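Right, one structure below, let's go through it.
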Ligand SMILES: [Ca+2]
Ligand SMILES: [Ca+2]
Ligand SMILES: [Ca+2]
Ligand SMILES: [Ca+2]
Ligand SMILES: [Cu+2]
Ligand SMILES: [Cu+2]
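Chains as they are written, first to last, in the working numbering: chain A, 102 to 798; chain B, 102 to 798.
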């Protein structure tokens with residue numbers, strides 16, 4: 102990560118006349134036709150430079166920053182990304198276009214229409230929106246008891262949200278405005294009123310009204326809408342309540358109390374004290390055989406590097422890459438919405454964790470920081486680290502007896518305690534709170550989990566649209582949507598040379614000389630093979646395959662040492678592979694797994710501004726799959742967690758973490774010669790006495 | 102459950118001359134040609150009798166016992182099951198054949214060849230086995246350093262296990278003996294030596310040697326085997342070690358220690374004290390809105406009845422029904438093994454739980470009991486009940502801001518604590534320890550989980566048989582196998598009239614007047630329909646369907662109130678649907694879900710002695726599916742948990758609970774008008790001060 106001093110120095114360098122970028126500073130004073138810095142962040146260091154440094158005697162690689170600059174002042178306005186380094190800033194530091202990590206053909210360039218919809222673009226389209234809404238103010242007053250004369254007008258008592266993506270290929274832009282009541286729970290208070298604007302380019306005089314939608318009807322002009330309204334064709338049968346306490350996550354006295362619930366809830370406690378060590382300078386953690394480094398970026402939040410167990414590297418990089426959400430509906434907003442939440446920044450949108458609630462009492466809470474303009478913002482207590490009870494023993498056996506017996510009925514019983522170190526953060530991206538949890542288990546397994554709470558992005562309720570979700574409040578439909586959260590796991594199991602083995606479980610015909618009466622009969626067998634070429638693939642039906650990243654090195658029994666990728670809860674991909682709103686910029690979300698060769702040019706599954714380019718992506722994950730061999734090579738596994746969010750009334754006020762959960766587990770598979778419980782001291786070995794009524798610990 | 106006094110009185114009644122059953126007492130003095138009691142247990146009470154009693158003013162139903170009697174003394178020897186009641190025993194008590202719960206056509210009758218392979222059958226085939234092994238004692242000495250002259254011979258230093266099923270349709274029986282070293286870890290010390298005996302009927306003079314198998318070769322006579330041995334064709338290239346400490350679940354000093362691991366591991370603690378109440382007389386539990394009754398039987402272990410949340414019934418009965426395990430291999434034992442572990446008894450094979458390891462410190466430990474002959478055996482501390490931290494918040498939202506901000510960066514943050522009451526027991530059925538865990542969550546959801554630890558049932562290692570599992574020790578192969586654990590959930594959501602709704606997630610063509618440029622495009626939608634007829638079905642690929650048990654009663658928003666069945670970890674069915682060893686007696690394990698109408702005649706998925714009748718089942722689950730309507734009727738859902746056990750070296754010494762895990766979740770789906778977190782007091786609502794650097798709790 103770059104330092105606050107680096108960030109300030111890079112900021113100053115970019116704004117220096119010598120840079121020739123002609124930037125407006127501070128950016129909030131800029132308009133969309135100015136040039137200004139969108140943000141500065143750390144640029145990752147290429148793996149090809151890191152490995153010689155950490156594993157050999159290579160030099161420490163130079164650090165670089167990246168900067169996105171909105172260049173609205175150009176003849177053809179664009180967004181352009183740059184790399185700045187080496188850092189710290191010196192006379193050797195150069196500002197270069199950052200192109201090599203984007204494979205869409207235009208490098209770090211994004212057309213204006215597709216760039217992040219910031220306050221400047223908002224301001225440019227505001228006059229047209231305000232004028233349309235002013236024309237219909239009498240009608241919105243009657244329908245919703247609200248008006249919109251513009252955001253800065255004191256009479257305005259409606260707010261709105263808008264569509265994503267706003268463009269398909271960057272050649273045009275459409276703004277779909279859906280109004281809401283201006284409360285803290287706006288996500289649950291949608292109004293059935295949509296204004297659609299065409300807003301191509303940077304010249305607001307070319308912006309036009311496409312139409313108004315309400316009552317499932319489209320009106321291409323204000324006049325046509327008014328005619329329908331005057332004819333009594335427009336109604337509001339399910340008025341949205343103006344009050345909103347029902348949707349706040351506060352205690353509801355009217356729901357009463359449950360007996361004994363006033364007592365403090367149970368809690369996992371580090372009874373024996375801390376069993377992990379954190380080097381906060383290096384962001385380095387050690388825990389019962391595990392060791393890893395952590396990093397934090399504005400877009401991706403928490404990332405892990407150089408993950409080792411008992412001194413052997415398992416994973417070079419483990420990181421969340423993207424959280425896609427696609428909605429279903431028959432309204433201009435719900436039908437078209439696809440979010441990439443890194444667009445808003447998982448690092449930037451993380452914040453304080455509540456001890457005892459978000460993380461157990463006694464957890465270690467760490468700050469996170471990221472560059473925010475020229476400054477570096479510190480997120481206090483945004484990451485927590487704690488060791489928790491696994492809830493189940495790790496290993497257990499009791500000798501048993503089938504005959505009749507009394508007393509304890511066994512001769513010996515062994516049981517070993519399981520626990521895991523959790524690293525957790527929560528990013529609240531608008532309506533949703535994503536909880537990311539990485540659990541390092543004492544047996545050498547590693548579980549990655551994500552859960553979702555927070556508000557539904559709801560739609561107005563229509564009696565006729567049950568196929569898009571249930572009614573969850575008086576005037577609110579819980580719009581069905583997919584969540585797909587893409588991760589990268591660059592496994593380096595005992596080095597970079599790995600293969601991806603698929604072991605299918607098949608039924609074949611078998612015959613045996615000792616069972617002549619059976620002839621040929623059905624028998625299960627394992628059919629193992631290495632994936633030959635880069636591929637996106639799905640978990641087999643009924644779990645009938647095992648997926649393992651293996652090394653050619655073998656354990657004591659001659660089996661290839663590997664780590665297994667074991668599905669957990671809700672391992673899904675996007676439902677609809679060919680929606681115009683997620684067609685080419687979301688390819689990473691369309692399979693359960695994907696295996697590619699590692700290249701310095703392909704560090705990320707997605708790019709920050711891909712979201713508005715479904716038909717002409719800046720970065721196309723599908724292009725990673727160019728038939729390269731993935732056998733005994735440096736490979737990366739990409740995988741998806743997520744939920745098909747079948748919305749329900751119990752999503753009000755917020756979705757529950759208990760059900761909106763997804764996970765995956767990486768576990769040793771013939772990696773060791775035996776289970777790694779043998780060295781643990783938190784265990785019991787119990788023998789019974791002669792009469793089996795006595796226990797000896 | 103019947104009382105110890107009932108059990109003794111039933112025992113005495115069965116053995117009374119008046120009963121006319123001519124029973125040998127005590128049974129261990131009997132031979133296989135005598136009549137004797139196999140066991141007595143509680144017979145469940147019919148639901149049709151229970152509901153009027155608990156919900157109306159019906160009379161308390163009469164209690165009955167069931168008894169399995171081995172009638173080897175008959176002309177056609179059989180096993181016959183009886184029902185005895187009403188209890189307590191009086192002059193009104195009758196002994197009747199228990200036929201009505203078995204649909205195979207022969208009621209409670211099981212042919213001798215298929216009956217439980219008890220010590221009496223063992224004794225009858227022992228002379229033949231001993232004579233064969235005596236003939237080859239010189240060879241087994243050279244190959245394995247061991248001999249078998251009979252179980253009671255002092256020189257004998259080998260033990261054996263045998264096959265399951267031993268019969269296919271009851272017309273014959275085959276005994277496949279696989280030898281092992283006689284240690285506590287015998288399951289991991291198989292020897293490559295098999296003796297196969299044909300043992301039809303009760304007359305040992307008709308028992309014959311089918312052959313000997315070793316080195317993947319079959320020899321139909323001892324002479325042929327000796328010829329091959331003399332010709333040097335029989336070897337033991339991977340000798341099984343005689344020592345066995347490597348396979349014991351003890352600490353291994355030679356593996357060293359991990360830094361800080363000497364400290365006590367973390368633990369979930371009931372910090373606020375007990376928040377649940379147990380009525381140990383009624384086996385009735387109340388916990389934060391939940392209430393339920395528990396029962397315990399010899400075969401099935403723990404069962405739940407009348408499960409309610411906030412006073413409304415969700416489930417009438419929730420119980421484990423069967424644990425099937427099917428193995429793969431090319432040896433006489435592994436290739437043919439299918440276990441039904443209720444055959445050995447989950448109630449009978451449960452035992453003491455270790456506080457702080459199997460269950461948290463402070464858990465409530467309850468005894469379990471079951472009839473064992475005339476007596477009642479008490480299993481001390483076999484069930485634990487505790488409340489645990491969920492590990493994640495229940496619900497959570499922070500208001501967020503996309504603009505630049507400092508400090509805590511939000512206006513308010515709500516978070517609610519999640520916890521669950523766990524009811525747990527562990528049954529050790531020979532090699533395997535099954536941990537059953539039922540978690541009642543504060544949001545009204547209920548999770549059922551099963552985990553497996555304990556020993557692999559391993560095979561001798563063959564270089565050529567990698568397709569059946571890896572080598573896991575010098576001479577030991579971890580034979581691949583399926584575990585499928587079948588459960589019954591008789592949902593009675595707001596009464597007995599329910600439907601089973603399947604909501605499929607489909608991509609369809611959509612067009613919208615406000616997007617003329619898109620024409621027809623792909624859009625997701627939900628297609629909901631009720632299952633019309635009884636059916637076995639599988640979870641949809643990629644999770645693209647929701648399964649809900651619904652009532653016709655609606656919530657405040659007009660949505661039908663229901664409980665959703667949500668897949669968790671590893672929801673699988675048997676791999677091989679048409680194996681001769683699991684063909685018709687294991688139908689319940691061949692789909693993820695099944696929905697049937699409730700009948701008093703169909704309380705169980707399986708019968709106790711079905712295991713040895715794959716071709717002529719005593720009880721055929723497939724017959725439940727006779728095209729009855731399941732719409733707005735009293736329906737039961739059957740579901741399977743389990744694991745495809747891709748064995749690994751890390752299964753040594755024992756399989757780890759952390760990875761061998763399966764679960765399912767039942768959760769309210771529009772059952773309430775909103776989430777049931779609103780009444781919880783274990784929560785935080787935090788508002789920031791004006792400068793966002795101050796938190797107000
Ligand atoms: Ca490639
Ligand atoms: Ca790699
Ligand atoms: Ca039926
Ligand atoms: Ca029912
Ligand atoms: Cu959602
Ligand atoms: Cu297993």
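Even glycine gets a Cβ: it sits at the ideal position worked out from N, Cα and C. Note that this is a predicted model, so its numbers are computed, not measured.
Using a threshold of 6 Å, is the CB atom of residue 734(A) nearer than that to any non-hydrogen atom of ligand 1? For residue 734(A), the Cβ stays outside the 6 Å cut-off from all heavy atoms of ligand 1.
Run through chain A and tell me which residues come within less than 8 Å of residue 783(B), C-beta to C-beta. Under the 8 Å cutoff, chain A gives 362, 365, 366.
Using three-state DSSP, classify residue 245(B) as helix, strand or coil. Here residue 245(B) sits in helix by DSSP.
At a CB distance below 8 Å, what residues from the segment 162-185 of chain A approach chain B? Give them in sequence order. Shown here is that no member of the segment 162-185 of chain A has a Cβ falling below 8 Å from a Cβ of chain B.
Taking 7 Å as the limit between beta carbons, can you name the residues of its chain near residue 538(B), skipping five residues before and five after? Taking residue 538(B) as the centre and dropping the five residues before and after it, the same chain places the C-beta of 523, 525, 550 closer than 7 Å to its C-beta, in chain order.
Closer than 6 Å: residue 262(B) CB and nearest ligand 4 heavy atom: Because no heavy atom of ligand 4 lies under 6 Å away, the Cβ of residue 262(B) does not count as near it: no.
Give the single residue among 386(A), 647(A), 464(A), 566(A) whose Cα lies nearest to the Cα of residue 372(A). Closest option to residue 372(A), judged by alpha-carbon separation, among 386(A), 647(A), 464(A), 566(A): 464(A).
Sorry if obvious, but does the Cβ on residue 674(B) come closer than 6 Å to a heavy atom of ligand 6? Checking the Cβ of residue 674(B) against ligand 6 gives no.
Can a CB atom of chain A be found closer than 7 Å to the CB of residue 421(B)? No, residue 421(B) does not count as interfacial toward chain A.
Is DSSP giving residue 232(B) helix, strand or coil here? Here residue 232(B) sits in helix by DSSP.
Using DSSP with H/G/I as helix, E/B as strand and the rest coil, what is residue 712(A)? Annotated three-state conformation of residue 712(A) is helix, per DSSP.
Following a CB-centred definition, is residue 746(B) positioned closer than 6 Å to any heavy atom of ligand 6? Using a cutoff of 6 Å, the CB of residue 746(B) counts as near ligand 6, since one of the ligand's heavy atoms is closer than that.
Check for me: the alpha helix (DSSP H) holding residue 108(A) runs from which residue to which? It spans 105-116 - the alpha helix (DSSP H) in which residue 108(A) sits, taken as one unbroken run.
Under 9 Å Cβ-Cβ, which residues of chain A neighbour residue 754(B)? What residue 754(B) touches in chain A: 496, 498, 515, 775, 776, 778, 779.
In whole angstroms, what separates the C-alpha of residue 737(B) from that of residue 560(A)? Straight-line Cα distance between these residues: approximately 35 Å.
In terms of DSSP beta bridges, what is residue 536(A) paired with? 527(A), 552(A).
With 7 Å as the threshold, decide whether the Cβ of residue 771(A) is near any Cβ in chain C. Absent here is chain C; the protein component of the structure consists of chains A and B.
For residue 623(B), name the three-state secondary structure that DSSP assigns. Note: residue 623(B) maps to strand in three-state DSSP.
Suppose the cutoff is 8 Å on Cβ atoms and the five residues either side in sequence are ignored; what does the same chain contact list for residue 445(B) look like? If we look at residue 445(B) and ignore the five residues flanking it on each side, its Cβ neighbours are 530, 531.
I need the straight-line Cα distance from residue 505(B) to residue 188(A), nearest angstrom please. Bear in mind that the predicted position of residue 505(B) carries a pLDDT of just 38, short of 50, making it too unreliable to give a figure here.
CB contact flag (residue 493(B), residue 461(B), <7 Å): No, the Cβ-Cβ distance between residue 493(B) and residue 461(B) is not below 7 Å.
Can you list, in chain order, the residues of its chain with a C-beta nearer than 6 Å to that of residue 661(A)? Leave out the 5 residues immediately preceding and following it. The beta carbon of residue 661(A) sits closer than 6 Å to those of 651, 655, all from its chain and outside the five residues before and after it, given in chain order.
Please report the straight-line C-alpha distance between residue 773(B) and residue 288(A), rounded to a whole angstrom. Those two C-alpha atoms are separated by around 21 Å.
Cβ contact check for the segment 255-273 of chain A and the segment 203-218 of chain A: 3 or more pairs under 8 Å: Inter-segment contact for the segment 255-273 of chain A and the segment 203-218 of chain A is present: three or more beta-carbon pairs are separated by less than 8 Å.
Would you mind sorting residue 778(A) into buried or exposed? The rule is 16 or more other CB atoms within 10 Å of its CB. With at least 16 other beta carbons inside 10 angstroms of its own, residue 778(A) counts as buried.
Can you tell me the Cβ-Cβ gap for residue 758(A) and residue 554(A), rounded? I've got them flagged as a contact below 8 Å. The Cβ separation is near 5 Å, so the contact holds.
The beta strand (DSSP E) spanning residue 353(A) covers which residue range? Taken as a continuous stretch (DSSP letters only), residue 353(A) belongs to no beta strand (DSSP E), as it is neither H nor E.
Once the 5 residues before and after residue 696(B) are set aside, which same chain residues still bring their CB inside 7 Å of it? Hits under 7 Å: 601, 632, 635, 636, 731, 736, 738.
With distances taken from CA atoms, which of 521(B), 519(B), 499(B), 518(B) is nearest residue 512(B)? It is 499(B) whose Cα lies nearest to the Cα of residue 512(B).
Since residue 637(B) is in the beta strand (DSSP E), which residue starts that stretch and which ends it? Unbroken beta strand (DSSP E) run through residue 637(B): 636-638.
Minimum Cβ-Cβ distance from residue 459(A) to chain B less than 7 Å: Output row for residue 459(A): interface = yes.
My output table needs one value for residue 631(A): the three-state DSSP class, helix, strand or coil. Looking at residue 631(A) - three-state DSSP - the assignment turns out to be strand.
With DSSP as the reference, label residue 339(A) as helix, strand or coil. Coil at residue 339(A), not helix or strand.
Could you tell me if the beta carbon of residue 592(B) falls within a distance shorter than 6 Å of some heavy atom in ligand 4? A distance criterion of 6 Å places the beta-carbon of residue 592(B) in contact range of ligand 4, judged by its closest non-hydrogen atom.
Kindly indicate which residue of 390(B), 395(B), 207(B), 715(B) has the alpha-carbon position closest to the one of residue 64(B). No answer is possible for residue 64(B): the residues shown for chain B start at 102 and end at 798.
Under 8 Å, with one C-beta from each stretch per pair, do the segment 682-702 of chain A and the segment 136-146 of chain A reach the 3-pair mark? Flag = no, the segment 682-702 of chain A and the segment 136-146 of chain A do not touch.
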